[in-house]
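Below: the structure, in structure tokens.
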Amino acid sequence: MITRKPKGNVRRAMLSDMIFIRAFEDRLAELAAQKDALPGMQILATGQEAVAVGVIGSLNPDDVIISNHRSHGHLLARGADPNTLMAEIMGRATGVNRGKSGTLHLIVPEVNALMTSTVVGAGPPMALGAAFAQQYKEEEAITVVFFGDGAAAEGSVHEAMNLAAIWKLPLLFVCENNCWAGAQSLAEHCAIGVIASRGSAYNMPGELVDGNNPDEVLETATRLAAHCRAGRGPALMEAFTYRLRGHGEHDHQHYVDPEELALWKGKDPLTTYGTKLTEEGLVTLQDIQSMEMEAARRVEEAVAFGQSSPFPKPEEALEHVWVNSPRDRQ
Amino acid sequence: MRELHTGQAIQEALAIAMDQDERVFLAGEGVGTSIHDNPLMPTYGLLDRFGKKRVKDTPVSEAAIAGLAVGASNMGLLPVVEIMFFPFITLASDMLVNHAAKLHYLSGGKSTFPLTVRVKAGLGFQAGCQHSHNLEAWMAHVPGLKIVFPSNPADAKGLLLTSIFDPDPVIVVEEMGLYWASGPTPEGDVRVPLGSANVLKPGGDVTVVAYGTPVYAALQAAGALEEEGISLEVIDLRSLVPLDKETVLESVRRTGRLITVHDANRFCGFGAELAAMVAEEAFHSLKAPVRRVAGLEAPVPMAPVQESFYKPSAEKVMEAVRSIL
Ligand SMILES: Cc1ncc(C[n+]2csc(CCOP(=O)(O)OP(=O)(O)O)c2C)c(N)n1
Ligand SMILES: [Mg+2]
């Protein structure tokens, strides 16, 4: 495929966003290794940053994104405030969801990241609803839903694709294929090699991109988003990438072939894209260093914000169950 | 008796059933190869031991997993399938609620569905409400399903063995916190019948009925109150359906007081069924109102302080006891 190169400033911004996402998640990995520094399990998207920045880069501010359990990259690329995101992951009262969510179902309406689910395969049906509302209200905006290769095996995903296609909804399905669903490899859990080819089963475009190449992700997502925006119905993009860490931080990848892992570490999008932009003269090594320093500074600020924030009060657990809490169930 | 962790006890039950009967097979997400490389996990090592034909890793497809169990059990196999976290049983619920539970009835008793669904459950791991949500009352509301809810390794093993060979669909709720807790566990094929509650501690003043880990809050409360001269009888239900009504009713007839304890929230929780049963069948023995100690009327919160606030504790049981004495 011929990739038309996005503008230099866009590409620099993608690199810097990828560096920031990586720094944010590397810090989470560090904290997760310390006892009691973070509640719950940390699920990181290390190695998948190019998908996040490329897809998000193709969107307008009023477009809606729907994410899943591996959401940090999507949200940070979208411009979510790292401080309140970090505080939420730490379960603090200042968190973007007041400590109700933690890492697994972060919702940031401020940046139109409207619904996030940790139930695998739950995103696409909700995205169908969001895209329906956009069509109903005759908006220009579209909806993008991120889901994994594993999620592609849930019936909900197929139902959403079929109906979105029948109703020609402005919905871009982004399958982030990181080659694993938990400890099950793609070959074990998926009946076909190329998930994008399922587009034809639902009468929509289906395109496979190199998910480690932000330029290619951005170019294809932009084209498919335009298709959705033009009222021509949904589209499916499969971004082929790799989960470089375990499923979560408690997973030590004992079932992963070390050679395969090493191969993909060699294709780490941060290094390859950094090198590419350096070779093309778009950035210098110094530029990259200052991006890294700036990322580290912002991450430390977020960590400090989170750690200095109070935990929510126990009684606040009873808030937000309903818009107005019915008294008879207190 | 030797001690096993609950995870190991479940493993042992599965292995005994599989050794004994070719018809038994396992299926689920990561039941063979799991992200948890931990010998205390319930299906650890079973793939190596029994091979791919009988230990089947599946895609992330709960409806298909449950359907597999329905269809295969009808064909004479004894499926033991796993749902990774209790809230995900909603994705399997058409197969369980509309099919596993009803096709025996719809066939006029001709077809049977001897399947077992192991559900990992519980709270306390700060994963939030899409991972922690005890839905046993939902399931117990469905005629045709049986619900088992062990609180210790011996029961986890014995109840699972009985469930696997039971002719009806059985949902076995495994609290994950228990996987790492150990206790005396008999060797060999020792089964615990369904519908037989266990009196963990006899007592005369108040009957406390619990199941799963809340039995430990009840026992702790019983220990503390003993020093004040208050005697609790603590009953571990072990199975919700079938329900051992007699053990509960007999106890309440003696004590005249009932407290129920479960992690799930109170409203329409299983405690309500117990309270109603006692009101209907032992009303004249009651000396005080029934009290239900339960989770909060909210989804299970994620933040650690809130999650522990949510969960019934010994203090909450003691408070309930004091309010009716
Ligand atoms: C309905 C449901 N079933 C099972 C799980 C447990 N689970 C969490 S993530 C995951 C794997 C999902 O794989 P994939 O969709 O490829 O996403 P990835 O984790 O690779 O990003 C599983 C099985 C879940 N969260 N929801
Ligand atoms: Mg995956």
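Residue numbers (the working numbering), protein chains in the order written: chain U, 1 to 330; chain Z, 1 to 325.
Ideal Cβ positions, reconstructed from N, Cα and C, are used throughout, including at glycine.
No experiment lies behind these values; they were computed from the predicted model shown.
- Residues are counted here when their Cβ sits less than 8 Å from a Cβ of chain U; for the segment 24-50 of chain Z these are 29, 30, 33, 34, 35, 36, 37, given in chain order.
- For ligand 2, residues qualifying as neighbours are U/148, U/149, U/150, U/178, U/180, U/181, where qualification means a beta carbon closer than 6 Å to at least one of its heavy atoms (chain order).
- Taken in chain order, the unbroken stretches of beta strand (DSSP E) that lie wholly in the segment 245-302 of chain Z and span 3 residues or more are 258-265, 291-295.
- Annotation for residue 182 of chain U: no beta strand (DSSP E) segment contains it, and DSSP assigns it neither H nor E.
- Between residue 257 of chain U and residue 22 of chain Z, the alpha-carbon positions lie close to 32 Å from each other.
- Annotation note: the segment 148-228 of chain U contains the following uninterrupted alpha helix (DSSP H) runs of length 4 or greater, listed N- to C-terminal: 155-166, 186-189.
- Scanning chain Z for C-beta atoms nearer than 8 Å to the C-beta of residue 318 of chain U yields 296, 297, 298, reported in chain order.
- The secondary-structure analysis by DSSP pairs residue 112 of chain U with nothing; it has no beta-bridge partner.
- At a threshold of 7 Å, residue 119 of chain U counts as near ligand 1, since its beta carbon sits closer than that to one of the ligand's heavy atoms.
- Around residue 118 of chain U, the beta-carbon contacts reaching into chain Z at under 9 Å are 127, 128, 130, 131.
- DSSP places residue 5 of chain Z in the uninterrupted beta strand (DSSP E) bounded by 3-5.
- Annotation: the continuous alpha helix (DSSP H) that includes residue 57 of chain U extends over 49-57.
- Between the segment 162-174 of chain Z and the segment 195-202 of chain Z, the count of C-beta pairs closer than 8 Å stays below three; the two stretches do not touch.
- Within the segment 143-159 of chain U, those residues whose Cβ lies closer than 8 Å to any Cβ of chain Z are, in chain order, 150, 151, 153, 154, 155, 156.
- Here residue 239 of chain Z has 148, 194, 195 as same chain residues with Cβ atoms under 6 Å from its own Cβ, once five neighbours each way along the sequence are excluded.
- Residue contact check for residue 67 of chain U against chain Z: no CB pair falls below 8 Å.
- For residue 305 of chain Z, a Cβ of chain U is located within less than 8 Å of the residue's own Cβ.
- Going by C-alpha positions, residue 276 of chain U is about 58 Å away from residue 169 of chain Z.
- Judged by their CB atoms, residue 86 of chain Z and residue 145 of chain Z are not nearer to each other than the 8 Å cut-off.
- Residue 42 of chain U and residue 230 of chain Z have their C-alpha atoms some 45 Å from each other.
- Closer than 7 Å to some heavy atom of ligand 1: that does not describe the Cβ of residue 118 of chain Z.
- Between ligand 1 and residue 318 of chain U, a heavy atom-to-CB distance of less than 7 Å is absent.
- Counting only residues of its own chain and dropping the five nearest sequence neighbours on each side, residue 73 of chain Z has a CB closer than 6 Å to the CB of 79, 113, 114, 115.
- The beta carbon of residue 218 of chain Z is closer than 6 Å to those of 208, 210, 234, 261, 317 in its chain, skipping five residues each way along the sequence.
- For residue 41 of chain U, the residues of chain Z that pass the 7 Å Cβ criterion are 127, in the order they occur in the chain.
- Any Cβ of chain U closer than 8 Å to the Cβ of residue 95 of chain Z would place that residue at the interface, and such an atom is absent.
- Where residue 267 of chain U is concerned, there is no enclosing beta strand (DSSP E), because DSSP gives it neither an H nor an E.
- Taking the Cα of residue 240 of chain U as reference, the smallest distance to any Cα among U/226, U/49, U/40 is reached at U/49.
- Membership of residue 128 of chain U in the alpha helix (DSSP H) is indicated by the continuous run 123-136.
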